[in-house]
Amino acid sequence: MAHLELDNLSAAYGKLRVLDGIELSVAKGETVGLIGPSGSGKSTILRVLTGLLKPETGSVRVAGKTINFDKPSEIRTLRNRTAIVFQQYNLFQNLTVLENVMIAPTKVHRRKRSEVQAEAEHLLEKVGLASKLESYPDQLSGGQQQRVAIARGLCLKPEILLLDEVTAALDPELVSEVLDTIRELAAEGMTMVIVSHEMGFIREISARVAFMAEGKVVELGTPAEIFDTPKQDRTRDFVGKILRH
Amino acid sequence: MGSFFGELWSLATYHNILFLAKGALTTIALSAFGCILGGLFGTLLAVARLTSGWLSWPLRAFALLFTEFFRRVPFLVTLMLCFFAFQFGGFDVSTLTVGCVTVVLIGTAFLAEIVRAGLQSVHPNQWHAAEAMNFTLLQTIRYVILPQAWTVILPPAFGFFILFIKDSALASQIGVVELTYVGKVFNNRGFSAGVSFGVILLAYFMLSYPLSRLGAKLEKKLGTSRTR
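Each protein sequence line maps, in turn, to chains A and B.
Residue 0 is where the first sequence starts when you use numbering that gives the first Met the number 0, and the numbers rise one by one after that.
Residue 0 is where the second sequence starts when you use numbering that gives the first Met the number 0, and the numbers rise one by one after that.
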């Protein structure tokens, strides 16, 4: 059964319709890649899934339960089940690396500090930043900051990890360190929705890929189906352009 | 010059110094009330203005009306309004109380805007990250936003505090015995304006200078905390 289901989901920024009848499901442990041109609504899906944007119509179901976006308590539940990693990392600039990872579990979820600290240190070690615990975000490279952001997301123990163009702001030589971290997570069975322009990576890591344009899922299939034998013209166009590079 | 110092010497009697100290203390009390309580209430108003959702709109409306009203009305007029409001309400309170209430009202309105500007100067992505992790508004402000907003809040806040010490002189208009009032009394007792107000000038400087030093020190200390 699908762990995450989006049914006929539509959303708008003011009058601008950005999602238009999205149908998408993600199974537990599955990695789904979202690709498509800028402004196609990829990141907006992630904003809805973190409760940062309220959908106009349609439904979001997590583990079979439909989220009512009019109820703050249900938005909180949704946010407890998901964690997002932003393109610009969005680390708290006033806190050290360790504090960035620990603050939500200790202050929001009120978990025991000692327990959270052990977990946070373990996660930071896993992303290769054991030596940077006391550094501040502005003392780290972009790739390092992004790995802290991933550790921060993981420390929330999300059921679904949402990655929003996490390598788009990085220097090319820093991209691989972040991708390695995500590869590891996929191998461990983390449920993920990944928005990315790294086509090679999306192809390698995703079980399924959704090609989006103008707020719609134009085509959904295995990476081979989307990249090698796309059925829709729009997909063929997009993939053709990307692969020619 | 000799007569200036001679006059100054004759002013320095026990009772005059005591009177001056009392005036200085009143000025300090007025300013402290306005700055500390004003800072506290101002922060609350700033936070109120950042709430969202229809449930809290009366809160936002109140905060907006309050800040806009008291920032626009001159100090002296607010002072008179308070004075007559207490009289009209039949409350028999001292002029010092009226002065304190006035400075808190004005301090709140001005500091609310300074704090709001500081909070909003922090990059929106910091708010979004906190929101996506289920921080409440107050948690976001306490743990994430305020620590990054200090560098924006402190310079204008301390500038305002120092202005405020001087503005509190207007309370003398309703008979609050603060520094300026003491100067007028000295002058009325026959001391020259130069000596009377020279002493007061020095006293104001001695009050505001340490405050601006403190401001600079805090700025330096908190400025090293990381901001984007």
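Even for Gly, the Cβ is constructed at its ideal location relative to N, Cα and C.
Please return the same chain residues whose Cβ sits closer than 7 Å to the Cβ of L94 of chain A, not counting the five positions on each side in sequence. As a working note, residue 94 of chain A is residue 95 in the first sequence. Within the same chain, L94 of chain A has close Cβ partners I102.
N187 of chain B versus G158 of chain B: straight-line alpha-carbon distance, rounded: Numbered from its first residue, the second sequence carries residue 187 of chain B at position 188. Numbered from its first residue, the second sequence carries residue 158 of chain B at position 159. Within the model, the alpha-carbon separation for N187 of chain B versus G158 of chain B is close to 32 Å.
Roughly how many angstroms lie between the CA atoms of D170 of chain A and T135 of chain B, to the nearest whole one? Position 171 of the first sequence, counted from the first residue, corresponds to residue 170 of chain A. Position 136 of the second sequence, counted from the first residue, corresponds to residue 135 of chain B. The alpha-carbon of D170 of chain A is positioned some 34 Å away from that of T135 of chain B.
Chain-ordered residues of the region 80-111 of chain A with a beta carbon less than 7 Å from chain B: Contact annotation: in the region 80-111 of chain A, residues whose CB is within less than 7 Å of a CB in chain B are I83, F85, Q87, N89, F91, Q92, N93, I102, A103, K106, V107.
Completely contained alpha helix (DSSP H) runs for the region 215-239 of chain A, where each covers 4 or more residues: Counting only runs that start and end inside the region 215-239 of chain A, the alpha helix (DSSP H) elements of at least 4 residues fall at 222-226.
So, do the region 108-126 of chain B and the region 140-147 of chain B have three or more beta carbon pairs nearer to each other than 8 Å? Verdict: yes, contact present.
Run down chain A in chain order and give the residues with a C-beta less than 7 Å from the C-beta of Y230 of chain B. Because chain B is modelled from 0 through 227, residue 230 of chain B falls outside the range shown and cannot be assessed.
So which of A:R110, A:S205, A:E124, A:V194 has the shortest CA-CA distance to A186 of chain A? Counting from 1 along the first sequence, the entry for residue 186 of chain A is found at position 187. The candidate whose alpha carbon is nearest that of A186 of chain A is A:S205.
What are the partner residues of K64 of chain A, as DSSP defines its beta bridges? Locating residue 64 of chain A in the first sequence gives position 65, counting from the first residue. Here K64 of chain A is bridged, per DSSP, to A:V61.
Return the bridge partner residues of T30 of chain A from the DSSP annotation. Within the first sequence, the letter at position 31 stands for residue 30 of chain A. In the DSSP output, where bridge partners are listed per residue, T30 of chain A has A:M191.
CB contact below 7 Å: T226 of chain B versus chain A: Taking the second sequence and counting its residues from 1, the one referred to as residue 226 of chain B is at position 227. Because T226 of chain B sits at a pLDDT of 48, beneath the cut-off of 50, its placement in the model cannot be relied upon, and the following sentence gives the value as read from the coordinates. Judged by the 7 Å Cβ criterion, T226 of chain B is in contact with chain A.
If we ignore side chains and look at the alpha-carbon of each, how far apart do G50 of chain A and L39 of chain B end up? For this step, residue 50 of chain A is matched to residue 51 along the first sequence. For this step, residue 39 of chain B is matched to residue 40 along the second sequence. Their backbone Cα atoms lie some 31 Å apart in a straight line.
In terms of DSSP beta bridges, what is A212 of chain A paired with? On the first sequence, residue 212 of chain A is found 213 positions in, with the first residue counted as 1. DSSP lists A:K215 as partners of A212 of chain A.
At a CB-CB cut-off below 7 Å, which residues of chain A make contact with P146 of chain B? What you label residue 146 of chain B is simply residue 147 of the second sequence in a count that begins at 1. Ordered by position in chain A, the residues that pass the 7 Å Cβ test against P146 of chain B are N93.
Looking at G57 of chain A and S9 of chain A, is the spacing between their C-beta atoms short of 7 Å? The residue given as residue 9 of chain A occupies position 10 in the first sequence. The residue given as residue 57 of chain A occupies position 58 in the first sequence. Against a cut-off of 7 Å, the Cβ pair of G57 of chain A and S9 of chain A comes out as a contact.
Whose C-alpha, out of B:S93, B:T77, B:L54, is nearest the C-alpha of G174 of chain B? To locate residue 174 of chain B, count along the second sequence from 1; it is residue 175. Per the Cα distances, B:S93.
Looking at C-alpha atoms only, which residue of A:A150, A:M211, A:G188 is the closest neighbour of N89 of chain A? Position 90 of the first sequence, counted from the first residue, corresponds to residue 89 of chain A. The candidate whose alpha carbon is nearest that of N89 of chain A is A:A150.
Considering only the alpha carbon of each residue, which of B:L217, B:E112, B:W126 lies closest to L153 of chain B? Numbered from its first residue, the second sequence carries residue 153 of chain B at position 154. Checked all of B:L217, B:E112, B:W126; the closest Cα to L153 of chain B is B:L217.
Taking just the CA atoms, how far does I21 of chain A sit from E118 of chain A? Within the first sequence, the letter at position 119 stands for residue 118 of chain A. Within the first sequence, the letter at position 22 stands for residue 21 of chain A. Distance between E118 of chain A and I21 of chain A, taken at the CA atoms: about 36 Å.
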